[in-house]
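Before any comments, here is the structure.
See below:
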């Protein structure tokens, strides 16, 4: 059944922002910020939705010592930086974000690799 990008993202717990932007788990920092080409586009399934993804960012909102890290679907650039920055935040929140990033990008980020919490 076709649904809009917005409907599919909201069904998976993302919060709709302005335009084609979505936030997870909410808009408080740090959060994930995903942007799509067209949030109102009808897509057949999750794979078709991922084709509409422009990027996903781990956003710290300018907090000192924290760097926003952007991932682009299909590109490995930024994967290690993204993983390192996720490790700097609350573990439970980081694990939820990790799962959402992997679901969207297929990067298989794992903050538990070689890490002591």
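In our numbering, the protein residues as written are 248 to 364.
Yeah, the Cβ is synthetic: ideal placement off N, Cα and C, and Gly gets one too.
Identity of the residues DSSP links to residue i by a beta bridge
i, result
"residue 317", "304"
"residue 282", "268 and 302"
Beta-carbon gap between residue i and residue j smaller than 8 Å
i, j, result
"residue 330", "residue 287", "no"
"residue 293", "residue 319", "no"
"residue 283", "residue 300", "yes"
"residue 289", "residue 347", "no"
"residue 272", "residue 280", "no"
Three-state class that DSSP yields for residue i in the structure shown
i, result
"residue 249", "coil"
"residue 288", "coil"
"residue 263", "strand"
"residue 343", "helix"
"residue 349", "helix"
"residue 334", "coil"
"residue 328", "helix"
"residue 294", "helix"
Rounded separation between residue i and residue j - CA only
i, j, result
"residue 341", "residue 307", "12 Å"
"residue 274", "residue 343", "14 Å"
"residue 359", "residue 253", "31 Å"
"residue 356", "residue 257", "22 Å"
"residue 351", "residue 269", "12 Å"
"residue 326", "residue 276", "20 Å"
"residue 291", "residue 267", "18 Å"
"residue 298", "residue 349", "14 Å"
"residue 309", "residue 339", "22 Å"
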